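I have placed the structure first, in the form of structure tokens, so that the comments after it can refer back to it.
2 protein chains.
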Amino acid sequence: MTEKRYLFTPGPTPVPPEVLAATAEPIIHHRGPDFRVVYERSLARLKEVFRTENEVLLFAASGTGTMESAISNLCSPGDRVCVVTAGAFGDRWASVARAFGCEVDRLEYEWGEAPAADDLTARLAEREAGVVLMTHSETSTGVVADVRGLSAAAREGGAVSVVDAVSSLGAVPLETDEWEVDVVVSGSQKALMAPPGLALVSVSQRAWDARGMLPRFYFDWERTRKAQEIFDAAFTPAVSLVRGLDVALGILLEQGLEAAFERHVRLGRACREGIKAMGLELFSPDDDSAAVVTAIRAPDGVDAGALLLLLRDRHGVTLAPGQGPLKGKVFRIGHIGYFDVFDIATALSAVELALTELGADIERGVATTRAFEAYEQPVAV
Amino acid sequence: MTEKRYLFTPGPTPVPPEVLAATAEPIIHHRGPDFRVVYERSLARLKEVFRTENEVLLFAASGTGTMESAISNLCSPGDRVCVVTAGAFGDRWASVARAFGCEVDRLEYEWGEAPAADDLTARLAEREAGVVLMTHSETSTGVVADVRGLSAAAREGGAVSVVDAVSSLGAVPLETDEWEVDVVVSGSQKALMAPPGLALVSVSQRAWDARGMLPRFYFDWERTRKAQEIFDAAFTPAVSLVRGLDVALGILLEQGLEAAFERHVRLGRACREGIKAMGLELFSPDDDSAAVVTAIRAPDGVDAGALLLLLRDRHGVTLAPGQGPLKGKVFRIGHIGYFDVFDIATALSAVELALTELGADIERGVATTRAFEAYEQPVAV
């Protein structure tokens, strides 16, 4: 028998079979009525998921593509931007901004720390910036930032707020309009439960009015907005991926966003309790904010990389490694999107089995029971 | 019964069922060995299809994304580029270059004309340019340009040659290395028989050495080249589309590129002979160069747009309209990629039926027979 595969990474994430089936339908023309129905519905569903009346622009690209779009549409050469960073994806904002010739002011935290709105207020009072770039769910550490507070601080400091919501959108609350977040970028391959290859961005009127002079074409917001107004696309869209996204968004919205948020809280809780029951130590926060990805310290004497290779190559189970300074020290279990408690149980069982094989001193036979119990506890909404 | 759909546009094009099935396989992680095998093989197959020893860089994007990459990687602000244009896609080169602040020198032809290498030589002697941007198959007119001659003229004039091969790659000969073409950009959704969403670019050493200072991140060649060297990807790739592309390239290469080129010549010939037998007039050239798309003048008294709507909405058959100055005047039948002579016969039959319904004076009952005869004629290779 072919070894079964289990994908428990924070992206790309498992995709429901009906979404995969939709991506395999015969190719249709992107300017005909068959696609128009799908495109129009997807764009409307995206606005619901982003909780915004702003247009959500859809590009064939990885999520980094719309991160770039935020810089190239909002900035002019030499503009100062403030990057709030506490991990790999905050650092990516800084890399993109530098590549486009911006002056980058880093509001920097240790990996694993949570950015504080007050720090941003103080920083902007000290040094103005036209744009603040932040990360909602820092996938490298499992920390979910207080985007509501940070974007309010940005606004009060006179800056446009830009949020990387690639791994958070659809998993944890993000109220784009209520919180007055100006720009939200995301991708298809995380909690939206679709294959990778589509990048998304919502743009507030305030952000439209703040656009800058950097050169852009493919990711130019105006070109795509104009096309989408008539449910056309500026360039040949990834029609099969859009079909998949449409089906996935339908599943998410039928379940309801609030239900999805609650499920992610319970999945995170189940994962943490199971991990602790085994005797392991969490790197990500031990509270309900950590609903997207759980980062775990490798036990003494075990290299996290060796654990992941064993899991993958002997057991067919893919977890995610530590990045940057956390390499070899932590491993991560994603629980974003198409996940239920049995996935958590499988991930925990696999970790328990592999750590035992590696001779680690862990508590056996308790993790999954504890996870099921934790999953059943009601969530205060 | 649901109305069947027939897609005869020059992109996106029909995709073989086994390619669609591959795109619907469960999502795998982009840094694991399962994907690595697919990625490594796809990149190797792309080099065969591009007929190059240069690396072919793979991006999640529409084809226009790698057109942009050619400008943003090769140029510095204010650089003069020469754009050879005889249609909509030549004009797109000019639009992208202008958006990036280049000085655009247009070597311009009427839509439907074929660019001449001698004109380019003369133009570059008159006004130097660091980069020459050209279109191999001008999809808007059906003209396939002499890329061999044009790129030689560019090289002799001291310029880097950049070819848009989006609709030509895999359909008509393009000898990247033998013809010393510096940069070739293409997409997954035409003769490569895969869904849209992947953009490709091959880069010669000469082009690497000529890179400029324009800002870039997502489409930065160096970032993706470095990642591909270790069969990694700079950003989460569109894993399901890459799986599909891999299968499609396998089909193409098993058949053989020469066989694909010959088939496209015969498909074009069959289409033209059938069209002429009906009494219609060609807009695209009436010779074997027109192997990618056949552009046809609407008969007197018939608006091409009305014909296409009738075909699409009553008969489920999608052809392509005229673009720009050809709007309403011509319609286009694509025969790129996953096409055989029965597709041509169906397209011709549908045109014949719809034109009859519109009261056009055409010859009935002869087109498909003539097409089959033309398809059987041997092709001098």
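Protein chains in written order, with the working numbering: chain A, 1 to 381; chain B, 1001 to 1381. Heads up, the beta-carbon is just placed ideally off N, CA and C, and yes, glycines get one too. Every value quoted in this text rests on a predicted model; they were computed, and no experiment measured them.
Using a Cβ-Cβ cut-off of 8 Å, I1344 of chain B does not count as an interface residue toward chain A, since no Cβ of chain A sits closer than that to its own. With its beta carbon at least 8 Å from every one in chain A, V1183 of chain B lies outside the interface.
Neighbours of G63 of chain A in chain B, taken as residues whose beta carbon is under 9 Å from its own, are F1235 and T1236 in chain order. Here C82 of chain A is not near F100 of chain A, since their CB atoms are 8 Å or more apart.
Ranked by Cα distance from C1102 of chain B, the options B:D1079, B:V1084 and B:P1115 are led by B:D1079.
Any Cβ of chain A closer than 8 Å to the Cβ of V1015 of chain B would place that residue at the interface, and such an atom is present. Straight through space, the alpha carbons of G1087 of chain B and F1261 of chain B are spaced by roughly 23 Å. With 16 or more other Cβ atoms from the protein chains shown falling within 10 Å of its own Cβ, A1270 of chain B counts as buried.
C1075 of chain B sits in coil when the DSSP states are folded into three classes, being neither helix nor strand. Taking the Cα of L198 of chain A as reference, the smallest distance to any Cα among A:P299, A:P237 and A:A304 is reached at A:P237.
For the region 1083 to 1102 of chain B, residues whose beta-carbon sits nearer than 8 Å to a beta-carbon of chain A comprise S1095, V1096, A1099, F1100 and G1101. In the displayed model, G1197 of chain B falls within coil according to three-state DSSP, outside both helix and strand. For the options B:A1347, B:V1185, B:T1121 and B:A1234, the alpha carbon positioned closest to that of E1273 of chain B is the one of B:A1347.
Contact between P1196 of chain B and S1188 of chain B holds: their C-beta atoms lie close to 6 Å from each other, under 8 Å. Separation of the CB atoms of A290 of chain A and G65 of chain A is rounded to 27 Å, and the pair is thereby denied contact status at 8 Å.
One finds A1024 in chain B with Cβ atoms closer than 8 Å to the Cβ of A21 of chain A, taken in chain order. E138 of chain A does not reach chain B, its nearest Cβ partner there being about 16 Å away, counting only Cβ pairs nearer than 8 Å. If you draw a straight line from the Cα of L1307 of chain B to the Cα of M213 of chain A, it comes to about 43 Å. At a beta-carbon threshold of 8 Å, the residues of chain B lying near L241 of chain A are P1195, G1197, A1238, S1240 and L1241, ordered along the chain.
Within the region 299 to 337 of chain A, the complete beta strand (DSSP E) segments of 3 residues or longer fall at 330 to 334, listed in chain order. For C1082 of chain B, the beta-bridge partners assigned by DSSP are B:D1105 and B:V1132. Put simply, the CB of T1009 of chain B is near chain A, with a gap under 8 Å to one of its CB atoms. Using a CB distance below 8 Å, the part of the region 1025 to 1054 of chain B facing chain A consists of E1025, P1026, I1027, I1028, H1029, H1030, G1032, P1033 and D1034, ordered along the chain.
When DSSP states are grouped into helix, strand and coil, F1059 of chain B belongs to the strand group. Identification of chain B residues near T318 of chain A by a Cβ-Cβ cut-off of 7 Å yields H1029 and G1032, ordered along the chain.
Put simply, the backbone Cα of R1127 of chain B is about 20 Å away from that of V1096 of chain B.
Chain-order list of chain A residues neighbouring Q1189 of chain B: I27, T236, A238 and V239, by C-beta distance under 9 Å. Spanning the alpha carbons of L120 of chain A and D91 of chain A requires a straight line of approximately 16 Å.
Shown here, G1187 of chain B sits in a strand according to DSSP, grouped into three states. With its beta carbon less than 8 Å from one in chain B, F217 of chain A belongs to the interface. Below the 9 Å Cβ cutoff, chain A contributes A60, A61, S62, G65, P196, G197, L198, A199 and A238 as neighbours of A1060 of chain B, in chain order.
In this chain, the beta strand (DSSP E) harbouring R297 of chain A covers V293 to R297.
The C-beta separation of V1163 of chain B from V1183 of chain B comes to about 7 Å, placing the pair in contact by the 8 Å criterion. Each residue's CA atom was taken as its position, placing G1279 of chain B and E1254 of chain B some 38 Å apart. Close CB contacts of E48 of chain A within its chain, under the 7 Å cut and outside five residues either way in sequence, are with L253 (chain order). DSSP links Y6 of chain A through a beta bridge to A:V317.
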